[in-house]
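Peer 1: The sequence shown begins at 0 in numbering that gives the first Met the number 0 and counts up by one. Structure below; questions to follow.
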Amino acid sequence: MNKRDFIKNISLTALASPFYLGAMNSWVKEVEHVPVKMLAEQSDFWLKIRQDYKLKPDYINLESGYYNIIPNSTLNHMMEHVKMVNLEGSFYMRKVQEENKKKMVVKLADLVGCSSNNLIITRNTTESLDMVIKGFPWKEGDEAVFAEQDYGAMKLMFDQVAKRYGIVNKVVSVMNHPSSDEEIVDLYAKAITSRTKLLMVCHMINITGQILPVKKICKMAHKRGIQVMVDGAHCIGHFEFNIDDLDCDYYGSSLHKWLAVPLGTGLLYVKEEHIDTIWPIFAESKREKNDISRLNHTGTHPVYHDLSIENAIDYYKMLGGDRKEARLRYLQEYWTSQVRGHSNIVVNTPENSHRACGIANVGIKSMKPEELADRLMEEYNIFTVAIDYANVKGCRITPNVFTLTSELDVFVNALKDMS
Ligand SMILES: Cc1ncc(COP(=O)(O)O)c(C=O)c1O
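Below, the structure written as structure tokens:
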């Protein structure tokens, strides 16, 4: 085999075919004709999907928000990638990894709806968004706008750049139950001044699961010449949208959340005109203008995780993004509808279907969130996470495609018992 064929051969081995998806393929074929909303309620189908996961029988896992357990097929592919990279060693790292990474970016760009020229693979949302906040061309007196419900790591980075460059942070508080998109757009609009340069907004607030009208916020901000950075940590692989349609300036996400790629994979989208203006975390050699690879110097990292992006996308597409979204929303509404309005129980997530999907937050009025989480685990074997800041006091409840409604019944009964 000549050298070129040899390299090609390794790249193709790395990009394994959807070999492990055989069973899933036939399950999905059987339900292809069923409307997604109807399928969302068909427990037989979802019971089969559950078989694709190795789950601990010890407790009911209602905390898929931090990290999504990956299905067996992606896990098996990942193991193969690890073995392949270990077999090829430095040869893979020197001669093949870059080419494969580019292929992953193209596949990812197609999934999220943007050009691959605007996308890089990072390790997570923190890396993606903190690079933008830290590397933004700030001048003393510039202002940034974000919400107290935003994720801690990004708020800390805004604090750091405030200390370092003398910028001013304006912090809004997003209501848990907005009456309209305009109410939220107005909230951000009111925090803007002539000095505002960057607005950060969550596509989905992680502590409540509320989906924000990002497209409208971008439109409002752009009219005033302000750039918008979107925190989409929880959105890719959770509900369907495309980045170009949002018209944001930056979009960051963690692929180890809802796309169920192995740990340590994320993405950053940067609009063409900003690629040259952001300072990268790690300096890169000179590139052509607008070459996004200038932001992607990482040093050596576990490249086999990047390779698993393709397998996770294959899995997600075979299941069907619309089917997954409908099921996650159905599960959330299945349990929230049973406790909304119940005396002493507070649901901190909007009721309107398009304002939430799989994640929701619930509290008991007389109980601290931490006590609620502890009691759920100790007395009912239900694992969740307590949230106690901003206007959110409760536990974040995050089912997944493997969650059964019978598990949610246990949870609803536990809530009613305790309340
Ligand atoms: C809204 C939001 N942004 C950012 C992050 C950070 O994600 P990661 O830890 O993968 O960088 C999270 C993590 O849960 C999050 O919920």
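Glycine residues also receive a C-beta, built at the ideal position from the N, C-alpha and C atoms.
#1: On the three-state DSSP scale, how would you describe D230?
#2: Please confirm whether any heavy atom of ligand 1 lies closer than 7 angstroms to the CB of N390.
#3: Looking at T397: is its Cβ nearer than 8 angstroms to the Cβ of L46?
#4: Compute every distance between the C-beta of G208 and the non-hydrogen atoms of ligand 1, then say whether any falls below 7 angstroms.
#5: How long is the line joining the alpha carbons of S112 and E87, rounded to whole angstroms?
#6: Determine the extent of the beta strand (DSSP E) in which C201 is found, giving its start and end residues.
#7: Just reading off the alpha helix (DSSP H) that E182 is part of, what are its end residues?
#8: Alpha carbon to alpha carbon, how far is S89 from D158?
#9: Hey, which unbroken runs of the alpha helix (DSSP H) at 4 residues or more fall wholly within the segment 5 to 91?
#10: Would you mind working out which of Q331, P212, N168 and L371 sits nearest R230, comparing C-alpha positions?
#11: What I want to know is whether the C-beta of N399 ends up closer than 7 angstroms to one or more non-hydrogen atoms of ligand 1.
#12: Can you find the residues in the same chain that come closer than 7 angstroms, C-beta to C-beta, to H80, ignoring five residues on each side of it along the sequence?
#13: State the DSSP-derived secondary structure class of F382, mapped to helix, strand or coil.
#14: Do you know how far the Cα of M376 is from the Cα of S418?
#15: Just the C-alpha distance for D57 and V384, rounded to the nearest angstrom, thanks.
#16: Going by DSSP in three states, C394 sits in which element: helix, strand or coil?
#17: Pop quiz: I69 and A259 are said to be a contact at Cβ under 8 angstroms. What is the actual Cβ separation, rounded to whole angstroms?
#18: Which of the three DSSP states, helix, strand or coil, is assigned to S292?
#19: Among the candidates E370, I274 and N399, whose CA atom is the shortest distance from the CA of Y329?
#20: Can you name the residues that DSSP bridges to I120?
#21: Short of 8 angstroms in beta carbon distance, which residues of its chain neighbour E332, apart from the five on each side in sequence? Order them along the chain.
#22: Would you call the segment 140 to 155 and the segment 176 to 185 in contact, with 3 or more CB pairs under 8 angstroms?
#23: Does F238 come out as helix, strand or coil in the three-state DSSP assignment?
#24: Rounded C-beta distance between R49 and F401? I'm assuming under 8 angstroms.
#25: In whole angstroms, what is the alpha-carbon distance linking A15 and V33?
#26: Rounded to whole angstroms, what is the Cα-Cα separation between D51 and Q41?
Peer 2: In short, the structure shows the following:
#1: Collapsing the DSSP output to three states places D230 in a strand.
#2: no
#3: L46 sits away from T397, with the two beta carbons spaced by 8 angstroms or more.
#4: Answer for G208: no, Cβ out of range of ligand 1.
#5: It should be noted that the sequence gives Gly, not Ser, for residue 112. Approximately 33 angstroms between the Cα atoms of the pair.
#6: If you look at C201, you'll find it in the beta strand (DSSP E) that goes T195 to C201.
#7: D180 to A190
#8: 40 angstroms
#9: Unbroken alpha helix (DSSP H) stretches of 4 residues or longer found wholly inside the segment 5 to 91: 21 to 30, 35 to 38, 42 to 49 and 71 to 87, given in chain order.
#10: The question names Arg, but residue 230 is Asp in the sequence shown. Of the candidates Q331, P212, N168 and L371, the one whose C-alpha sits nearest the C-alpha of D230 is P212.
#11: No.
#12: A13, Y303, L306 and S307
#13: strand
#14: 16 angstroms
#15: 17 angstroms
#16: strand
#17: 5 angstroms
#18: helix
#19: N399
#20: L266
#21: In chain order, S352 place their CB closer than 8 angstroms to the CB of E332, counting only its own chain and leaving out the 5 sequence neighbours on each side.
#22: No, because fewer than three Cβ pairs between the segment 140 to 155 and the segment 176 to 185 fall closer than 8 angstroms, the two stretches do not touch.
#23: coil
#24: For a cut-off of 8 angstroms, the C-beta gap from R49 to F401 is around 4 angstroms, short enough to register as a contact.
#25: Unreliable placement is indicated for A15, whose pLDDT of 44 sits below 50; no coordinate value is reported for it.
#26: 17 angstroms
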